[in-house]
Ligand SMILES: [Fe+2]
Ligand SMILES: [Fe+2]
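In this note's numbering, the protein residues as written are 3 to 282.
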């Protein structure tokens, strides 16, 4: 099995409507804005992952792993470019306060690349990847019928590909530097770092959009927030916590059939499909 069979770089053409409603999950602004904030995070986080992997490449002595890294870079490069279409459509509605939040995030990731060790950056990358793999697994079971269909498509494609490359950051960290304690400490710090940004951005969007008064007021919003937190917390937290155990490896995670089917579907509808670009 070649890397191209397991990690497929798909070029997609999602059509996000120019006038897309920021409440992308019908009737649920809180859930909508968490998803949008994740989308807004990606054009900063994913280029940072790519810089990190490029910095690691010269130290990778296994040919297959180097090919997987090239495919990882290919996939992540497509992800944030596609999310930019959604982000730009949202920003056309206003939300001027996003610029300051994004600047801060951009500065953080530029600083990590310049000032932190490759080991730190690889552990950050794995902290993010361990999280997205679990997010993909729980999303596979969710009912997304209330989502704006084009946006749902974008997120499903992204999560299916996250699972395809779930082992790469872990393997690179292990190969180039390794160390369980460092990986979990930095990984936990990373999850706190990007989730804090996501929550602050969600909070901003909730206020700036006027969606709360339009959806039943503050108590209704609080009720929905609690229901969402309990439901997703219940599904996601134990799975993420298990990634902190000493024996954890993403290689042991079974990929749900739904995600395999989605990957096959997106291969079919992709504009083009490429194997990994040459890694060196
Ligand atoms: Fe991604
Ligand atoms: Fe990823």
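Glycine included, C-beta positions come from ideal geometry on N, C-alpha and C.
Nearest-angstrom Cα separation, counted from residue j out to residue i
i, j, result
"residue 114", "residue 52", "13 angstroms"
"residue 217", "residue 268", "34 angstroms"
"residue 241", "residue 273", "34 angstroms"
"residue 124", "residue 177", "11 angstroms"
"residue 129", "residue 197", "11 angstroms"
"residue 73", "residue 248", "27 angstroms"
"residue 55", "residue 9", "16 angstroms"
"residue 210", "residue 38", "14 angstroms"
"residue 12", "residue 148", "26 angstroms"
"residue 281", "residue 43", "Bear in mind that the predicted position of residue 281 carries a pLDDT of just 46, short of 50, making it unreliable; the figure below should be weighed with that in mind. Distance between the alpha carbons of residue 281 and residue 43: 26 angstroms."
"residue 162", "residue 118", "30 angstroms"
"residue 121", "residue 104", "25 angstroms"
"residue 111", "residue 32", "26 angstroms"
"residue 261", "residue 27", "21 angstroms"
"residue 48", "residue 75", "9 angstroms"
"residue 222", "residue 239", "25 angstroms"
"residue 61", "residue 171", "14 angstroms"
"residue 208", "residue 102", "16 angstroms"
"residue 212", "residue 96", "12 angstroms"
"residue 224", "residue 50", "34 angstroms"
"residue 231", "residue 80", "30 angstroms"
"residue 86", "residue 184", "33 angstroms"
"residue 235", "residue 59", "36 angstroms"
"residue 204", "residue 228", "15 angstroms"
"residue 82", "residue 201", "19 angstroms"
"residue 195", "residue 243", "16 angstroms"
"residue 175", "residue 78", "17 angstroms"
"residue 271", "residue 191", "37 angstroms"
Sequence-distant residues of its chain with Cβ nearer than 7 angstroms to residue i (five each side left out)
i, result
"residue 220", "214"
"residue 237", "140"
"residue 159", "14, 268"
Cβ-based neighbour list, residue i, same chain, cut-off 8 angstroms, excluding 5 preceding and 5 following
i, result
"residue 20", "91, 94"
"residue 173", "67, 70"
"residue 22", "88, 91, 92, 150, 152, 153"
"residue 275", "10, 11, 12, 13, 269"
Proximity to residue i [Cα-Cα], best of the options
i, options, result
"residue 157", "40, 13, 22, 263", "40"
"residue 25", "146, 202, 18, 35", "35"
"residue 182", "164, 245, 45", "245"
"residue 166", "259, 62, 63", "259"
"residue 255", "15, 137, 106", "137"
"residue 186", "97, 263, 126, 230", "126"
"residue 106", "142, 199, 77", "199"
"residue 193", "78, 144, 134, 59", "134"
"residue 164", "57, 63, 264", "264"
"residue 64", "5, 191, 86, 232", "5"
"residue 233", "201, 191, 144, 195", "144"
"residue 1", "84, 77, 78, 116", "Outside the shown range of the chain (3 to 282) lies residue 1, about which nothing can therefore be said."
"residue 155", "78, 84, 243, 191", "84"
"residue 257", "142, 175, 78", "142"
Cβ-Cβ distance between residue i and residue j below 8 angstroms
i, j, result
"residue 152", "residue 17", "yes"
"residue 250", "residue 99", "no"
"residue 226", "residue 30", "yes"
"residue 169", "residue 252", "yes"
"residue 132", "residue 180", "no"
Nonlocal neighbours in the same chain, by C-beta distance under 6 angstroms from residue i, ignoring five residues either side
i, result
"residue 266", "none"
"residue 303", "No information on residue 303 is available, as it lies outside the stretch 3 to 282 that the chain covers here."
Closer than 6 angstroms from C-beta to any heavy atom of ligand 2: which residues, in chain order? Near ligand 2, meaning a Cβ closer than 6 angstroms to any of its heavy atoms, lie the following residues in chain order: 78, 131, 134, 164, 167.
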